[in-house]
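Read through the structure below, which is laid out as structure tokens, and then see the notes.
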Amino acid sequence: MALTVTAVPGLGEIAEGDDLAALIAARVETAAGDVLVVAHKVVSKAEGAVVRLGDVVVTPRAERIAARQGRDPRHVQVILDQSAALVRETDRVLICRTHHGFVCANAGVDASNAARPDDLIVLPADPDASARRLRAALPGRPAVLVTDSFGRAWRQGQVDVAIGCAGLAPTDDWRGRRDAMGRELQATWIGVADQVAAAADLVRGKDSREPAVLVRGLERYVTADDGPGAQALLRPPGEDLFL
């Protein structure tokens, strides 16, 4: 079994309204069984999920949080607007549950790689739908992941995870199956989509303008239908010990 992970070169700056699928297809051949992994920022830019700080109306709550953290209250307001709940506040970061259900730092709001200095990039409104649209528009209908960098409980560093998924089984449930010694597995539930997202990020520099990565060798996880999407990866709040 072999796996190849290759960054797609030369995509360049993406603007609202750009045909992201056509731009990618012009630079790489995609086929059934492939997995195309795309950083959410280019998806967000193409879909217009970008906020101008000058357009933000700040609430008293954002003012109070910004004063505690020494941050621009407009930036804090955008984070609050993208959040269903504020889970934790530290002296430098807000841990939020987004309207999608993701628990992450600053509700995924980020200024890095924004085209203008007063822009903030937010997550796509529906990353699973974004992945489905990209898949439908790409030659061969490869599986598509839309990804973002998340921190992890108990560990340092960020790892790319899937926030949108189409055509890839997001998990592989081994519970009830047997290990090599015949023991029944009780908890083994592989996060396939997140593992693919993390692998793709290893060949893509944060400053290299290579937001798309082609992964080959995962045909066993690629599905004809779009599947349940990345929402299948979310732990229900009632089972989350950190909420």
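Position 144, counted from 1, in the sequence shown is what this note's numbering calls 138; the numbers after and before it change by one each time, with no gaps.
Every residue, glycine too, gets a C-beta built ideally from N, C-alpha and C.
As the structure is a prediction and not an experimental result, all values here were calculated from the model.
Contiguous alpha helix (DSSP H) elements confined to the stretch 170 to 218 occur at 186 to 195, taking only those with 4 or more residues. Within the stretch 70 to 144, the runs of alpha helix (DSSP H) at least 4 residues long that lie entirely inside it are, in chain order, 121 to 131. Under the criterion of beta carbons closer than 8 angstroms, alanine 43 and leucine 117 qualify as touching, at roughly 7 angstroms. Secondary structure of glycine 161 (DSSP, three-state): coil. Looking from the CA of alanine 191, the closest CA among Ala20, Val140, Glu7 belongs to Val140. The beta carbon of valine 153 lies closer than 6 angstroms to those of Ala192 in the same chain, with the five residues before and after it left out.
Spanning the alpha carbons of lysine 35 and arginine 169 requires a straight line of approximately 35 angstroms. Between the beta-carbon of aspartate 112 and that of glycine 64 there is about 19 angstroms, and that puts the pair past the 8 angstroms contact cut. Per DSSP, reduced to three states, the secondary structure at arginine 21 is coil, with no helix or strand assignment. At a Cβ-Cβ threshold of 8 angstroms, leucine 128 and valine 32 count as neighbours. DSSP places arginine 55 in the uninterrupted alpha helix (DSSP H) bounded by 54 to 63.
Distance check between valine 51 and each of Arg62, Pro67, Ser38, Ile59 places Pro67 closest, using alpha-carbon atoms only.
A straight line joining the alpha-carbon of alanine 60 with that of valine 70 spans about 6 angstroms. Annotation for alanine 40: the continuous alpha helix (DSSP H) segment containing it runs 34 to 41. In the same chain as glycine 95, and ignoring 5 residues on each side of it, the C-beta atoms closer than 6 angstroms to its own belong to Leu228, in chain order. Nearest in C-alpha terms to alanine 218, of all of Asp167, Ala174, Leu179, Ala137, is Ala137.
Around the Cβ of arginine 198, a 10 Å sphere holds 16 or more other Cβ atoms; the residue is buried. At least 8 angstroms separates the beta-carbon of alanine 125 from that of cysteine 90. Within the same chain, and ignoring the five residues on either side of valine 81 in sequence, the residues whose Cβ sits closer than 7 angstroms to its Cβ are Ile89, Cys90, Arg91, Val97, Leu237. At the C-beta level, valine -1 and valine 207 come within 8 angstroms of one another. The secondary-structure analysis by DSSP pairs alanine 156 across a beta bridge with Thr141.
Counting along the chain, valine 45 sits inside the beta strand (DSSP E) bounded by residues 44 to 46. Around the beta carbon of alanine 1, 16 or more other beta carbons lie within 10 angstroms, which makes this residue buried. Apart from sequence neighbours up to five positions away, the residues of its chain that approach valine 29 with a beta-carbon distance below 7 angstroms are Pro136, Ala137, Leu139, Leu162, Val190, Val209, Leu212, Val216, ordered along the chain. Look at arginine 68 here: in three-state DSSP terms it is helix.
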